[in-house]
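J.: Have a look at this one before I ask anything.
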Amino acid sequence: MACLVVPMAFLVGCGEQSPGTIRIEKAEWVPGFLHNGWWAAVPDGASLETKQTVDAIDTSLELAPGHYDIYWSRGYEHASDPMLLASGVTVRSATETIVHADSGVMLDVADWVPQLKHNGWWGAVPGGGSVDDRVDWEKSDHALLLPGGNYDIYWVQSYEHAASPMRLFSGIQIEPHQMVALPVQSGIRLEAADWVPELEHNGWWGAVRAGADPADRTDWTDEDQELMLPPGTYDVYRVLGYKHAATPVRLASNVTVKDSLVPVDAKSGVRLVLPDGVEFGHNGWWGVTLPENPAQERVAWVEVADQPLLVPPGTYDLYWRQAYDVQVMPIKSSVTIKAGELVEVPFTPVDS
Numbered sequence: 185m186a187c188l189v190v191p192m193a194f195l196v197g198c199g200e201q202s203p204g205t206i207r208i209e210k211a212e213w214v215p216g217f218l219h220n221g222w223w224a225a226v227p228d229g230a231s232l233e234t235k236q237t238v239d240a241i242d243t244s245l246e247l248a249p250g251h252y253d254i255y256w257s258r259g260y261e262h263a264s265d266p267m268l269l270a271s272g273v274t275v276r277s278a279t280e281t282i283v284h285a286d287s288g289v290m291l292d293v294a295d296w297v298p299q300l301k302h303n304g305w306w307g308a309v310p311g312g313g314s315v316d317d318r319v320d321w322e323k324s325d326h327a328l329l330l331p332g333g334n335y336d337i338y339w340v341q342s343y344e345h346a347a348s349p350m351r352l353f354s355g356i357q358i359e360p361h362q363m364v365a366l367p368v369q370s371g372i373r374l375e376a377a378d379w380v381p382e383l384e385h386n387g388w389w390g391a392v393r394a395g396a397d398p399a400d401r402t403d404w405t406d407e408d409q410e411l412m413l414p415p416g417t418y419d420v421y422r423v424l425g426y427k428h429a430a431t432p433v434r435l436a437s438n439v440t441v442k443d444s445l446v447p448v449d450a451k452s453g454v455r456l457v458l459p460d461g462v463e464f465g466h467n468g469w470w471g472v473t474l475p476e477n478p479a480q481e482r483v484a485w486v487e488v489a490d491q492p493l494l495v496p497p498g499t500y501d502l503y504w505r506q507a508y509d510v511q512v513m514p515i516k517s518s519v520t521i522k523a524g525e526l527v528e529v530p531f532t533p534v535d536s
C-alpha cells in the first residue's frame, strides 16, 4: 500500500512515528539544581552512557516512543551516584508524558542541633541497606527528593564522622506524592562545672548505646556543644585527650533520651592539693581507681599536678607517680565524691 503525503510541519516517513516528550513536574519544596545538576532519560535498562540530559527543570525532553528510566542528579557532587527517579516510563508518539517529582523527606530540626560541618551530610538509603548505597543526600537542611519506597535515614556530622554514620530513623515508608517530615529533637547536653578541664588534642565526649563499648559510640564531639541522638538509652563518656583514649571516663549510665534535650551533669570530681615545691617529672601523673583496684586500672588520671579530675559520683582510691622511673605511690583510699561536688585531697603519700 502506498504512503499518504501528509502536509504537516514535520514529515513522518512511512512506518515511522513522531516523537513524544517527557516533562518533570516537581513540587514547590523540591530543591533546585546546583552547579552541573541535571535530569536525564535513558532507554529502559540501558547504560547511563546513553542518557539524554536536561539541565533546566522547566525543559522537556523529546524522545522516540519507548520505555525510559529517569535519573536525577542534584549537582556536580552527585554526578557519580545519580538517583533513579522513575523506571519504565512509557513515551508515546506525539504525546507528553509527565513524571512527578513530589515525594521525599525533610527533617524538622530543633534550634539547638549542631549544624553540619565540612563534608557532613544527611541522607536516605534503602531500608536495611548500606550507607554506601545512599539514594539521595544533602549537605544542608534542604529536603530530599526520593521515589516512593522504604528508607533508613542517616546523619554524618562532619568528615571526622564519616566512618561512623548515625542512623536517625529506620524503615521510613514514603508513598508517591508524599512528603514525610521527621522530628530531630532529641539529644544530650553536657552541663560541666567551671573547674572541669577543657578537652585536649583528640579529646571527645559522646554517647554509646547503654552497655556498649565506648569504641562503638553513636555520636561524639570534641567541642562544647550538644549531641543530637535518636531516642534510646545511652551511656555517656568523656576522653580528656589522645593520651586518655584507652581510659574513657563513663560520666553517666542508662540515660534515657526520648523527644527532647536531656541534661547530663559533669560536676563531680577530685583535686589534689600539693604542698609548695612538689612537682611532677617526665611522665608523672596522679589518678584514681575504684576501691582496692590496682593503680594500673585507673579510672581517670592527669599529668598536671594541680588539675582536677572529672569523675562520676562514687568512692575512689588515689595514686600518684612523680616520674616515669619512680614507683607508683598511694595517696589516700576510699575518697567519697558526691554529685556536684569537687573534693580536695591533701597530698600525703603513704607507704605502698
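Residue numbers (the numbering used here): 185 to 536. Backbone N, C-alpha and C define an ideal beta-carbon position, used for all residues, glycine too.
Do L268 and Y260 have their C-beta atoms within less than 8 Å of each other?
T.: no
J.: Under 8 Å Cβ to Cβ from S342, same chain only, skipping five residues before and after it: list those, please.
T.: L300, K301, H302, N303, G304
J.: Note down the Cα distance separating V529 from R318, rounded to an integer number of angstroms.
T.: 54 Å
J.: Mind checking whether I521 and V495 have CB atoms under 8 Å apart?
T.: yes
J.: Would the segment 427-442 and the segment 341-359 be scored as touching if the rule is three or more Cβ pairs under 8 Å?
T.: no
J.: What residues in its chain sit with their C-beta under 6 Å from that of P298, if we drop five residues either side in the sequence?
T.: Q409
J.: Going by C-alpha to C-alpha distance, which of A365, R373, K451 sits closest to S287?
T.: A365
J.: Measure the alpha-carbon distance for V190 versus P203 and round it to whole angstroms.
T.: Because V190 carries a pLDDT of 35, less than 50, the predicted location of this residue cannot be relied on, and no value is offered for it.
J.: Within 10 angstroms of the Cβ of S518, are there 16 or more other Cβ atoms? Answer buried if so, exposed if not.
T.: exposed
J.: Among the residues of its own chain, which have a CB less than 6 Å from the CB of A489, if the five just before and after it don't count?
T.: L458, F464
J.: In its own chain, which residues sit with a C-beta less than 8 Å from the C-beta of I241, not counting the 5 before and 5 after it?
T.: The residues are I208, K210, G216, F217, W223.
J.: Taking buried to mean at least 16 other C-beta atoms within 10 Å of its own C-beta, is A523 buried or exposed?
T.: exposed
J.: Note down the Cα distance separating D403 from H345, rounded to an integer number of angstroms.
T.: 8 Å
J.: Does the segment 439-451 come into contact with the segment 360-378, if we say contact requires no fewer than three beta-carbon pairs (one atom in each stretch) closer than 8 Å?
T.: yes
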